[in-house]
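2 protein chains.
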Amino acid sequence: MTFDEVLADLQAQAKTTKHAETGLWVAAQLRSRIEAGKLKPGSKLAEEALCEALGVSRNTLREAFTALHAEHIVTRIPNRGVFVAHPTADDIREIYRVRRFLEPAAVLWSGDASMETLAGIIKAARAAAVDGDIPGMAGANQDFHRAIVERAGSERLNNLMDQVLAEMRLVFHSMAANPAFHEPYVEDNAKIVELLEAGKLAAAADFLAGYLDRAEAQLLAAVER
Amino acid sequence: MTFDEVLADLQAQAKTTKHAETGLWVAAQLRSRIEAGKLKPGSKLAEEALCEALGVSRNTLREAFTALHAEHIVTRIPNRGVFVAHPTADDIREIYRVRRFLEPAAVLWSGDASMETLAGIIKAARAAAVDGDIPGMAGANQDFHRAIVERAGSERLNNLMDQVLAEMRLVFHSMAANPAFHEPYVEDNAKIVELLEAGKLAAAADFLAGYLDRAEAQLLAAVER
DNA sequence: CGCCGGAAGATTGTTGAACAATCTCGGGTT
DNA sequence: AACCCGAGATTGTTCAACAATCTTCCGGCG
């Protein structure tokens, strides 16, 4: 989708919906389009054009920009403008540093009642796999890892994980998405749930840690190509 | 310190220093005064008075407010204004949820070269203890826990820990500070470093977890009084 | 032919002012 | 004493202007 097409899309939205908390609404609009891949990493977000399309002032748009910047979804270059973030190899390393810290620790956390949630996600992932539904598999994978961290029951940690997962979506958009990437992880996730149900927490954490290492290496290889 | 005195103080600062990135500078000024306890939890931050004192526009001040709000340092009530945050019992529980998750896991992390940093902090804490220097002990304690999380080597995790520690400072300011609160933790921290130096990571993590539970209970009891 | 200033145009950074919406406080009524 | 309502004050939101910086294009020079 080109920048101009996104502009037209935004303009349509602006007319039909009324926005409470305009700045946050603008941020949400941009975020959803970036995460859906309609705005590709590296695209410049021109202020004047977006203001016009959304029917908001530059001031409001810039407020939205600062919010997206804090989420690492967007890069600001002084006096040059804002661009959809383009994760580097270092960014990927940082993402996995956080994930390798959070997720195995969350697995060890004796999360009480998350098991049926996890089972449901696995079921959805398998259904997507047999249909060859790539976005479905990707979504289920994100849901899975989010649910893992949710075991800790902390809002702050959930927010951090959400940010990291959002950045992961950018990583996928910024490289030529290998359609088969998510497929093997469906059964890896299933195995983790199995180990959890068997009460083998340490084994599940170990397996997850190794799996994260593998995924990181795979993404780094793809990005440096 | 009263609100008016802080205003005079800010006005003096505004004239002598030049600010790059005005919004961030304003946020830093307010943050430092809040964390130093000059602005007490519950104080209202009136827009017009602060604008005048700082010599910035309301627009800029509000930008600073949103930054502080994101850090949970400040509470926004729509159409009523912003107030220095006043941590509730639930806030304390959330803080310790994060700390109990991050810190023991970070201890287990085979952090390489953080030992001399930790040793230095312990030394400073003991020096403050013999002097009866309460702020010194509190500062060393914060440094210690920050250094623990730093072992993971992740910028995001460090930021999260910084935020949590900033909220901890608010907790101390919002309750009648028991001067002896920090004293026993000097030797508790020392014991953790000892266990780490002996390579007993699991024991160190366990001890730290119990210690956090104890501190949380102590703070909750003090707040609900 | 290619490279190096330099001015014009465009874009972003920052601020001040205006207007609308909401809250607070006082006075008056029942 | 409890309730209602209007004036004043404060916050939420937007617009418009100016300053600073970057980009582009052009002519001169080696």
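If you read the protein sequences in the order shown, they are chains A and B. Residues are numbered in our numbering as their position in the first sequence, beginning at 1, plus a constant of 199. Residues are numbered in our numbering as their position in the second sequence, beginning at 1, plus a constant of 199. Just so it is clear, CB atoms sit at the ideal spot from N, CA and C, and this is done for glycine as well. Predicted model only: the values in this text are computed from it and were never measured.
Outcome for residue i when other beta-carbon atoms lying within 10 angstroms are tallied against a minimum of 16
| i | result |
| --- | --- |
| R413 (chain A) | exposed |
| S231 (chain A) | exposed |
| L411 (chain A) | buried |
| E396 (chain B) | exposed |
| K217 (chain B) | Annotation note: pLDDT 49 at K217 (chain B) (below 50); position unreliable, no value reported. |
| P277 (chain A) | exposed |
| A219 (chain A) | With a pLDDT of 49 at A219 (chain A), under the threshold of 50, the modelled position of that residue is not reliable, and no figure is offered here. |
| Q417 (chain A) | exposed |
| E354 (chain A) | exposed |
| E423 (chain B) | exposed |
| S256 (chain A) | exposed |
| G398 (chain A) | exposed |
| L223 (chain A) | exposed |
| R279 (chain B) | exposed |
| S309 (chain B) | exposed |
| A403 (chain B) | buried |
Limits of the beta strand (DSSP E) - the one that residue i falls within
| i | result |
| --- | --- |
| I276 (chain A) | 273–276 |
| G280 (chain B) | 280–283 |
Below-8 Å beta-carbon distance, residue i vs any chain A residue
| i | result |
| --- | --- |
| L356 (chain B) | yes |
| L418 (chain B) | no |
| G352 (chain B) | yes |
| L395 (chain B) | no |
| R257 (chain B) | no |
| K217 (chain B) | With a pLDDT of 49 at K217 (chain B), under the threshold of 50, the modelled position of this residue cannot be trusted; read the value that follows with caution. False, the Cβ-Cβ gap to chain A never drops below 8 Å. |
| E293 (chain B) | yes |
| R345 (chain B) | no |
| H296 (chain B) | The identity of residue 296 (chain B) in the sequence shown is Arg, whereas the question assumes His. Closer than 8 Å: yes. |
| A318 (chain B) | no |
| A304 (chain B) | yes |
| F371 (chain B) | no |
| A269 (chain B) | yes |
| F300 (chain B) | yes |
The alpha helix (DSSP H) enclosing residue i, as first and last residue numbers
| i | result |
| --- | --- |
| V297 (chain B) | 288–307 |
| H381 (chain B) | Counting along the chain, H381 (chain B) falls outside any alpha helix (DSSP H), and DSSP gives it neither H nor E. |
| P334 (chain B) | 333–349 |
| K399 (chain A) | Taken as a continuous stretch (DSSP letters only), K399 (chain A) belongs to no alpha helix (DSSP H), as it is neither H nor E. |
| V329 (chain B) | 314–330 |
| A248 (chain A) | 246–253 |
| E270 (chain A) | No alpha helix (DSSP H) contains E270 (chain A), which DSSP labels as neither H nor E. |
| M374 (chain B) | M374 (chain B) -> no alpha helix (DSSP H), and no H or E assigned at all. |
Beta carbon proximity, residue i to chain B, threshold 8 Å
| i | result |
| --- | --- |
| A408 (chain A) | no |
| L359 (chain A) | yes |
Counterpart residues of residue i in DSSP-defined beta bridges
| i | result |
| --- | --- |
| L238 (chain A) | BP columns for L238 (chain A) are empty, so no partner. |
| K390 (chain B) | Paired residues: none, contrary to the question. |
Is the number of C-beta pairs between the segment 314–324 of chain B and the segment 323–330 of chain A that are closer than 8 Å three or more?
-> The answer is no - the segment 323–330 of chain A does not touch the segment 314–324 of chain B, with fewer than three Cβ pairs under 8 Å.
Within the chosen definition, does the segment 239–256 of chain B reach the segment 284–303 of chain B through at least 3 CB pairs nearer than 8 Å?
-> By the Cβ test, the segment 239–256 of chain B is in contact with the segment 284–303 of chain B, since at least three Cβ pairs between them sit closer than 8 Å.
At least three beta-carbon pairs within less than 8 Å, the segment 335–348 of chain A to the segment 297–309 of chain A = Three or more beta-carbon pairs drawn from the segment 335–348 of chain A and the segment 297–309 of chain A are found closer than 8 Å, and the two stretches are therefore classed as touching.
Three or more C-beta pairs closer than 8 Å, one from the segment 371–385 of chain B and one from the segment 263–273 of chain B: is that the case here?
-> Flag = no, the segment 371–385 of chain B and the segment 263–273 of chain B do not touch.
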